[in-house]
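Chains as they are written, first to last, in the numbering used here: chain A, 1 to 79; chain B, 80 to 965. Ideal Cβ positions, reconstructed from N, Cα and C, are used throughout, including at glycine. Contents: one structure, followed by commentary.
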């Protein structure tokens with residue numbers, strides 16, 4: 001979350017908690033997997049990882065985003 | 080995450096919440112560990128509750144979550160109104176159980192297709208015809224030579240299979256001393272292949288095993304019999320069994336589930352038709368014909384072709400009927416071949432019970448409707464009490480369908496619980512009813528194992544019942560308007576009107592059930608009070624056989640042995656028991672032409688009438704010297720029909736055989752009329768002839784079967800069967816080569832003819848009582864509710880001087896007018912439907928005033944009793960208390 005905030009130059013500053021419903025939705029869709037691990041301090045934490053389907057989805061979404069943003073840029077510039 | 084995880088998560092809501100919380104906490108802890116300010120971290124995280132709900136929605140099947148909440152809430156509601164719920168569940172369970180039982184029986188007997196390939200293409204060949212006397216009838220029995228002609232004519236168009244009427248025969252797997260009974264069916268060798276059946280063990284016989292009369296001693300056991308009799312011992316293949324003088328080898332076991340072609344009878348042993356003793360005879364109709372008609376064959380042309388062949392066959396045969404009147408022959412040749420659908424097989428039990436079971440089905444559906452109306456009324460009362468709760472739910476934003484779902488879930492729980500209980504009831508009830516139909520001599524067995532058909536019927540029933548009684552209250556509850564509900568209720572009369580309407584419908588149905596039950600009971604009473612002409616109590620029948628035939632002296636010697644046994648009063652013999660079988664021929668009086676009306680014969684020994692306690696009206700009974708042909712005792716109907724009612728003693732008549740052979744008989748006595756074949760039909764002309772038969776040269780003929788009639792001393796109705804085993808052994812021990820093949824009481828034979836009527840009467844009374852009880856409870860509930868609701872009104876009326884009578888009228892008037900309206904509708908329904916049941920009645924008229932009056936009076940009486948508590952409650956209303964409470 002901090003990373004998003006910093007990279008976007010504080011333009012995007014979502015609530016940190018809203019990360020979780022999003023993660024759970026992606027998990028529901030099968031794009032990411034999750035498992036509970038026990039950390040050094042003895043507490044449990046949930047670790048997420050991309051699945052094969054998730055990687056494919058990410059590539060597809062990225063490509064689409066690039067196409068769309070390029071198109072919008074072009075339209076804006078020509079106008 | 081799959082649908083199943085989401086469904087699963089709905090049942091572990093708390094655990095899911097804990098996991099989400101843990102995940103959020105670990106996020107915050109990590110942030111704090113990185114050195115961030117805890118306050119700031121929590122703020123940036125956002126509302127934990129909101130995130131959790133958002134995640135939950137993703138991870139839980141929402142509909143299920145709501146459903147779960149409804150179930151828990153519904154369960155609480157049911158438990159809160161414990162008495163009402165129990166009453167509703169029990170009454171529904173009874174009605175649903177009865178429905179499922181009726182379905183199981185009807186399905187097993189009438190609907191379930193035979194386990195053969197394409198049962199829908201299976202037809203039974205039958206003929207619409209006239210009896211010799213000219214009465215229209217249907218008959219599906221055929222002579223084998225006729226079958227052969229028709230089969231070859233239809234070659235390529237349809238496949239013909241002959242299946243005999245299943246016969247309960249004496250057979251043994253070892254010696255004569257170990258005889259047992261077995262249900263035997265003779266079937267065409269190619270039946271197995273035509274039906275697409277495969278053996279469970281060994282082989283099934285084929286066309287090759289069914290070519291030459293008497294030359295194919297092979298047998299196939301049914302799977303069911305193999306399991307019961309041989310505990311599925313594979314070594315049974317190759318074993319032999321003996322039936323009469325035939326030694327047969329078991330070659331295989333039929334497929335599981337195939338129990339023959341007669342629902343109600345589980346065939347035990349299949350034999351090729353060629354092994355039947357009458358296979359070459361053209362005058363013995365001993366088998367049915369099943370026809371597999373492939374698609375593409377025109378039914379009508381085929382039927383016409385078969386009709387022509389059959390007419391030619393019967394016409395040629397009738398040329399030999401020289402001993403018959405032309406009228407009888409014309410009647411006989413009035414035949415029309417027809418195809419009857421036989422996808423579920425053909426059997427006598429089907430014919431006997433089809434209508435009875437259908438009516439039973441209607442009765443149980445009526446009881447179910449009454450129960451549903453009752454529960455709907457109860458639910459309406461409960462819903463009225465919950466109007467405020469519903470209004471509150473609507474005002475805080477509950478959608479209409481959400482409320483419908485909530486109420487329906489409650490209904491579903493009621494009907495589900497009732498369905499479960501009902502299933503247990505049906506589990507026991509269907510076999511019980513079947514055992515009432517069955518008798519040791521004529522065992523009725525149906526495959527009643529629960530299959531997907533029964534299961535889906537049950538599910539449809541539960542859902543149907545739920546919608547039937549739950550939909551109305553659900554819709555009404557959901558349509559509640561918060562404003563009016565919170566104000567103290569909208570139009571209270573609307574609800575009452577619906578409830579009153581339901582009372583009228585209930586009463587109409589209840590009347591119908593009571594009315595039919597009354598007709599069935601009356602029918603049974605009439606049948607059991609038919610004058611028999613003799614005393615059946617204490618009469619034991621020992622149907623005995625002598626495999627190679629024995630002379631009368633041998634039979635008489637056995638009778639003497641029986642006479643020495645203690646408790647035996649008298650012993651006589653007859654060819655067969657009265658009402659067990661029949662034999663008829665035309666007669667001629669004064670050398671005239673053969674009669675159209677046939678005369679029924681029974682050979683009996685001297686002393687038979689005395690043993691039966693059958694009165695001789697004139698003349699005498701048989702003496703030792705009487706022989707057949709020679710002397711005869713005729714009954715009163717015979718005298719009326721052939722001697723114009725004049726005393727016939729000393730006069731002659733002739734028995735005329737089909738072949739024209741005439742035998743002279745001198746009438747020596749007149750016996751009182753007694754049902755010869757069936758208690759249901761009008762008295763037949765009967766001629767009793769001596770058992771001692773002599774041929775044309777006067778030589779005494781051996782007998783291979785005779786029935787010993789044993790009269791027990793005393794009046795104990797159980798005495799005959801209690802002594803049967805002992806006397807049976809005594810016959811074998813007499814050493815005359817005579818053996819008892821069947822022992823039964825005469826009373827059993829008589830009762831056997833009214834089994835259907837007794838069943839209908841008993842079940843009718845049972846369902847009538849249930850219907851009456853339910854209607855009473857319903858009436859009580861509605862009245863009680865209306866008194867509660869009109870408390871204030873009644874209080875005010877009392878305060879301004881209304882007397883008790885006025886109050887009673889106020890409370891009961893509308894309900895009683897509904898009861899009367901229901902009764903009138905019920906009478907109409909009853910009279911209309913009685914016409915369809917006529918064939919089930921015996922000397923009973925549906926339009927009989929008492930048959931209509933009794934149920935009406937009973938219902939009115941029950942209604943009166945049901946109103947008492949509500950009336951008392953209304954009378955006890957204290958105006959002061961009511962007005963103070965306002």
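Helix, strand or coil: how does DSSP classify residue 365 of chain B here? To locate residue 365 of chain B, count along the second chain from 1; it is residue 286. The answer is coil: DSSP assigns residue 365 of chain B none of H, G, I, E or B.
What number of angstroms, rounded off, separates the C-alpha of residue 342 of chain B from the C-alpha of residue 935 of chain B? What you label residue 342 of chain B is simply residue 263 of the second chain in a count that begins at 1. What you label residue 935 of chain B is simply residue 856 of the second chain in a count that begins at 1. One C-alpha to the other measures close to 39 Å.
Less than 9 Å between the beta carbons of residue 388 of chain B and residue 225 of chain B, yes or no? Counted from its first residue, the second chain places residue 388 of chain B at position 309. Counted from its first residue, the second chain places residue 225 of chain B at position 146. Cβ atoms of residue 388 of chain B and residue 225 of chain B: closer than 9 Å.
Have a look at residue 71 of chain A and residue 63 of chain A and give me their C-alpha separation to the nearest angstrom. Position 71 of the first chain, counted from the start, is the residue given in the question as residue 71 of chain A. Position 63 of the first chain, counted from the start, is the residue given in the question as residue 63 of chain A. Computed Cα separation, rounded: 12 Å.
If distances are taken between C-alpha atoms only, which option among B/128, B/893, B/928 comes closest to residue 946 of chain B? Here residue 946 of chain B refers to the residue found at position 867 when the second chain is read from its first residue. Checked all of B/128, B/893, B/928; the closest Cα to residue 946 of chain B is B/893.
Spatial distance of residue 352 of chain B from residue 243 of chain B (CA atoms): Position 273 of the second chain, counting from 1, holds the residue named residue 352 of chain B. Position 164 of the second chain, counting from 1, holds the residue named residue 243 of chain B. Taking the straight line from one Cα to the other gives about 8 Å.
Counting only C-beta atoms, is residue 103 of chain B closer than 9 Å to chain A at any point? As a position in the second chain, residue 103 of chain B is number 24, starting the count at 1. Taking Cβ atoms only, chain A reaches closer than 9 Å to residue 103 of chain B, which makes this a yes.
Alpha carbon to alpha carbon, how far is residue 97 of chain B from residue 307 of chain B? As a first step, residue 97 of chain B is located in the second chain; it is residue number 18 there, counting from the start. As a first step, residue 307 of chain B is located in the second chain; it is residue number 228 there, counting from the start. If you draw a straight line from the Cα of residue 97 of chain B to the Cα of residue 307 of chain B, it is about 58 Å long.
Give every residue of the same chain whose Cβ lies closer than 8 Å to the Cβ of residue 80 of chain B, excluding the five residues on either side of it in the sequence, and list them in chain order. Position 1 of the second chain, counted from the start, is the residue given in the question as residue 80 of chain B. Residue placement at residue 80 of chain B is flagged as unreliable, the pLDDT there being 48, under the threshold of 50; the coordinate-derived value follows with that caveat. So the qualifying residues of the chain are 138.
For residue 575 of chain B, count the other beta carbons within 10 Å of its own beta carbon; 16 or more makes it buried, fewer makes it exposed. Which is it? Locating residue 575 of chain B in the second chain gives position 496, where the first residue counts as 1. Burial call: buried.
Spatial neighbours of residue 26 of chain A within its chain, please: C-beta separation below 6 Å, excluding the five flanking residues on both sides. Locating residue 26 of chain A in the first chain gives position 26, where the first residue counts as 1. Cβ neighbours of residue 26 of chain A beyond the five flanking positions: 32.
In angstroms with no decimal places, state the Cα-to-Cα distance between residue 531 of chain B and residue 280 of chain B. For the purposes of this step, residue 531 of chain B is taken as the residue at position 452 of the second chain. For the purposes of this step, residue 280 of chain B is taken as the residue at position 201 of the second chain. Each residue's Cα considered, the two are about 27 Å apart.
Expected contact under 8 Å - CB spacing of residue 339 of chain B and residue 737 of chain B to nearest Å: As a working mapping, residue 339 of chain B is identified with position 260 in the second chain. As a working mapping, residue 737 of chain B is identified with position 658 in the second chain. Not confirmed; about 32 Å, so no contact.
What runs of the alpha helix (DSSP H), each 4 residues or longer, lie entirely inside the stretch 4–53 of chain A? The alpha helix (DSSP H) runs of length 4 or more contained entirely in the stretch 4–53 of chain A are, from start to end of the chain, 19–29.
From the DSSP secondary-structure annotation, give me the bridge partner or partners of residue 246 of chain B. Walking along the second chain from the start, residue 246 of chain B turns up at place 167. Residue 246 of chain B pairs with B/263.
Nearest to residue 808 of chain B (by Cα), restricted to the options B/847, B/819, B/146: Within the second chain, the letter at position 729 stands for residue 808 of chain B. When each option's Cα is compared against that of residue 808 of chain B, the closest is B/819.
Do residue 771 of chain B and residue 656 of chain B have their beta-carbon atoms positioned less than 9 Å apart in this structure? Counted from its first residue, the second chain places residue 656 of chain B at position 577. Counted from its first residue, the second chain places residue 771 of chain B at position 692. Not closer than 9 Å, so no.
Nearest-angstrom beta carbon gap, residue 386 of chain B and residue 222 of chain B [assumed within contact, 8 Å]: Sequence index remark: in the second chain, residue 222 of chain B carries index 143 (1-based). Sequence index remark: in the second chain, residue 386 of chain B carries index 307 (1-based). With 8 Å as the limit, residue 222 of chain B and residue 386 of chain B do not qualify as a contact, their Cβ atoms being about 16 Å apart.
Can you look up residue 64 of chain A in the DSSP assignment and give me helix, strand or coil? Along the first chain, read from residue 1 onward, the residue named residue 64 of chain A stands at position 64. In this structure, residue 64 of chain A counts as helix in the three-state DSSP scheme.
Pairwise C-alpha distance: residue 54 of chain A and residue 84 of chain B: Your numbering for residue 84 of chain B matches position 5 in the second chain. Your numbering for residue 54 of chain A matches position 54 in the first chain. Roughly 19 Å between the two C-alpha positions.
DSSP three-state call for residue 325 of chain B: helix, strand or coil? As a first step, residue 325 of chain B must be located in the second chain, where it is residue number 246. DSSP places residue 325 of chain B in strand when its eight states are reduced to three.
To the nearest angstrom, report how far apart residue 541 of chain B and residue 498 of chain B are at their CA atoms. Sequence index remark: in the second chain, residue 541 of chain B carries index 462 (1-based). Sequence index remark: in the second chain, residue 498 of chain B carries index 419 (1-based). Residue 541 of chain B and residue 498 of chain B: Cα-Cα distance of roughly 6 Å.
Identify, in the order they occur along the chain, each residue of the same chain with its Cβ nearer than 8 Å to the Cβ of residue 336 of chain B, setting aside the five sequence neighbours on each side. The count along the second chain starts at 1 and reaches residue 336 of chain B at position 257. Around residue 336 of chain B: 194, 302, 526.
With residue 251 of chain B and residue 321 of chain B assumed to form a contact (beta carbons below 8 Å), what rounded beta-carbon distance in angstroms separates them? The residue you call residue 251 of chain B lines up with position 172 of the second chain. The residue you call residue 321 of chain B lines up with position 242 of the second chain. At roughly 5 Å, the Cβ-Cβ gap stays under 8 Å, so residue 251 of chain B and residue 321 of chain B are in contact.
Could you check the C-alpha separation between residue 896 of chain B and residue 587 of chain B for me, to the nearest Å? In the second chain, counting from the first residue as 1, residue 896 of chain B sits at position 817. In the second chain, counting from the first residue as 1, residue 587 of chain B sits at position 508. Cα to Cα, residue 896 of chain B sits roughly 13 Å from residue 587 of chain B.
Going by other Cβ atoms of all chains shown within 10 Å of its Cβ, with 16 needed for buried, is residue 270 of chain B buried or exposed? By one-based count along the second chain, residue 270 of chain B stands at place 191. By the neighbour-count rule (16 or more Cβ atoms within 10 Å), residue 270 of chain B is buried.
Our contact map puts residue 276 of chain B next to residue 416 of chain B with C-beta atoms below 8 Å; I'd like the distance itself, whole angstroms only. If you number the second chain from 1, residue 276 of chain B lands on position 197. If you number the second chain from 1, residue 416 of chain B lands on position 337. Their Cβ separation, rounded to whole angstroms, is 27 Å, which puts residue 276 of chain B and residue 416 of chain B out of contact at 8 Å.
Just the chain B side, please: which residues come within less than 7 Å of residue 24 of chain A by C-beta, in chain order? Within the first chain, the letter at position 24 stands for residue 24 of chain A. By Cβ distance, chain B contributes 134, 137, 138.
Starting from the N-terminal side, write out each stretch of the alpha helix (DSSP H) that is 4 residues or longer and does not extend beyond the stretch 410–464 of chain B. 427–464
Spell out whether any CB of chain B is found under 9 Å from the CB atom of residue 58 of chain A. The count along the first chain starts at 1 and reaches residue 58 of chain A at position 58. For residue 58 of chain A, the answer is no, since every Cβ of chain B falls outside 9 Å of its Cβ.
Given 8 Å as the limit, tell me if residue 717 of chain B has its C-beta closer than that to any heavy atom belonging to the ligand HEM. Annotation note on the ligand HEM: not contained in the displayed structure, which lists no ligands.
From residue 444 of chain B to residue 178 of chain B, what distance separates their C-alpha atoms? By 1-based counting over the second chain, the position of residue 444 of chain B is 365. By 1-based counting over the second chain, the position of residue 178 of chain B is 99. Roughly 7 Å between the two C-alpha positions.
Just mark residue 960 of chain B as buried or exposed, buried being the case when its beta carbon has 16 or more other beta carbons within 10 Å. The residue you call residue 960 of chain B lines up with position 881 of the second chain. Looking at its Cβ environment, which holds fewer than 16 other Cβ atoms inside 10 Å, residue 960 of chain B is exposed.
For residue 9 of chain A, would you say it is in contact with chain B, using Cβ-to-Cβ distances shorter than 9 Å as the test? Here the question's residue 9 of chain A lines up with position 9 in the first chain. Chain B contact via Cβ: absent.
Count the other CB atoms within 10 Å of the CB of residue 360 of chain B; is the residue buried (16 or more) or exposed (fewer)? The residue given as residue 360 of chain B occupies position 281 in the second chain. Exposed: under 16 other Cβ atoms inside 10 Å.
Assuming residue 667 of chain B is part of the beta strand (DSSP E), what are its boundary residues? By one-based count along the second chain, residue 667 of chain B stands at place 588. Start and end: 663–667.
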